[in-house]
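A.B. asks: Residue numbers (my numbering): 7 to 319.
Every residue gets a Cβ at the ideal spot worked out from N, C-alpha and C, and that includes glycine.
(1) I'd like the list of long-range same chain contacts for residue 226, defined as Cβ closer than 6 Å, with 5 residues on each side in sequence excluded.
(2) From this set, 73, 23, 56, which residue's C-alpha is nearest residue 274's C-alpha?
(3) Among 244, 264, 212, which one has its Cα closest to the Cα of residue 56?
(4) For residue 242, which of helix, strand or coil comes out of DSSP?
(5) For residue 47, does the count of other Cβ atoms within 10 angstroms reach 16, so buried, or fall short, so exposed?
(6) Would you say residue 49 and residue 77 are within 8 Å of each other, going by their C-beta atoms?
(7) Would the beta-carbon of residue 196 fall within 8 Å of that of residue 258?
(8) Any idea which residues DSSP pairs residue 320 with across the strands?
(9) Return helix, strand or coil for residue 259, following the three-state DSSP convention.
(10) Could you round the C-beta distance between residue 255 and residue 224 to whole angstroms and report it? I think they count as a contact, below 8 Å.
(11) Mind listing, in chain order, the continuous beta strand (DSSP E) runs of no fewer than 3 residues lying wholly within the stretch 203-235?
(12) Given this structure, state the Cα-to-Cα distance separating residue 234 from residue 199, to the nearest angstrom.
(13) How should residue 80 be labelled, buried or exposed, when 16 other C-beta atoms within 10 angstroms of its C-beta is the threshold for buried?
(14) Would DSSP call residue 44 helix, strand or coil?
(15) Buried or exposed for residue 124, please, with buried defined as at least 16 other CB atoms from any protein chain shown within 10 angstroms of its CB.
(16) Of the choices 85, 83, 202, whose alpha-carbon is the least far from that of residue 230?
(17) Using 10 angstroms around the beta-carbon of residue 208, count the other beta-carbons present and answer buried if the total reaches 16, otherwise exposed.
(18) Could you work out which residue in 269, 288, 291, 293 is closest to residue 39 when comparing CA atoms only?
(19) Leaving out five residues before and five after residue 37 in sequence, what residues of the same chain have Cβ atoms less than 6 Å from its Cβ?
(20) Would residue 237 and residue 29 qualify as a contact pair, given that the criterion is a beta-carbon distance under 8 Å?
(21) Compute the Euclidean distance between the alpha carbons of residue 262 and residue 251, then round it to the nearest angstrom.
(22) Consult DSSP for residue 60 and reduce its assignment to one of helix, strand or coil.
(23) Output yes or no for whether 8 Å exceeds the beta carbon distance between residue 290 and residue 23.
(24) Do you know how far the Cα of residue 232 is from the Cα of residue 283?
(25) In three-state terms, what does DSSP make of residue 282?
(26) Alpha carbon to alpha carbon, how far is residue 277 from residue 244?
(27) Could you give the DSSP three-state label for residue 35: helix, strand or coil?
(28) Using a 10 Å radius around the Cβ and a threshold of 16 neighbouring Cβ atoms, would you call residue 247 buried or exposed?
(29) Take residue 206 as the anchor and find which of 241, 242, 59, 86 has the nearest alpha-carbon.
This is the structure we're talking about:
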């Protein structure tokens, strides 16, 4: 790049260039994976129906944010690869700026998913109340999300890094064991049990969940005994005929957490990789700017390609 760097400087430039290139490709692949998983989870027939019928539509919020973040990550990777290959400082700075946006989206979306919709986050009391309500009444009868912000300040990048770390710590400390899914499901299933006595749709939904997830009642099968109602066939294993011992709050939370954990985990992993990528990209961008204008009197508009030993003076 610049004159008089020597072989050591050339090797350093090579390492930074190809590190930026490889990390951008890796992040792009992971971003595409997150987007595909999010799209599949959102439109998977069984999950879509259950989430909709249970009234968990707010669950999609975190998913939408992560899908948007994944789209930004893919664009970041394209800009980053192009910037690394052409040594274009504008593309590199655009990559850094978009990475900052992706940081915020990843943390925000993952926090919503992990803090609100994992195993220990549902309101069990509310869900139990809803399920009992269904049992007691059963015999009654009847685009532009992407915004290209071109910030030229490293302060915004540093702020995004702080948000990334703060969000990650928050998830590790509060996410899994203090989320809102369990108490919310508690309340919802109690309502379903009550409504199933006179609402065929609620009764059908309750039976479908119990049969497919492998659960019975809100906490367990004794919810039906306490309500002096016969245990429905949907509470029994089709092969053995035994009653499921686990309640729907616990089993359904596990069911949702399997999907939530994968997509949120991959997204957070991308976030940590991007911390390294932002640092490397910013260092590479600064070197290019210094080489173009070593004395600070102006800058060249000509960009070189990937640095090679030939052509260096």
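C.D. replies: Short version:
(1) 253
(2) 73
(3) 212
(4) strand
(5) buried
(6) no
(7) no
(8) Residue numbering for the chain in the displayed model covers 7 to 319; residue 320 lies beyond these limits and cannot be assessed.
(9) helix
(10) 6 Å
(11) none
(12) 13 Å
(13) buried
(14) helix
(15) The predicted model places residue 124 with a pLDDT of 48, which falls under 50 and marks its position as unreliable, so this point remains unresolved.
(16) 202
(17) buried
(18) 269
(19) 76, 79, 80
(20) no
(21) 19 Å
(22) coil
(23) yes
(24) 58 Å
(25) helix
(26) 44 Å
(27) helix
(28) exposed
(29) 59
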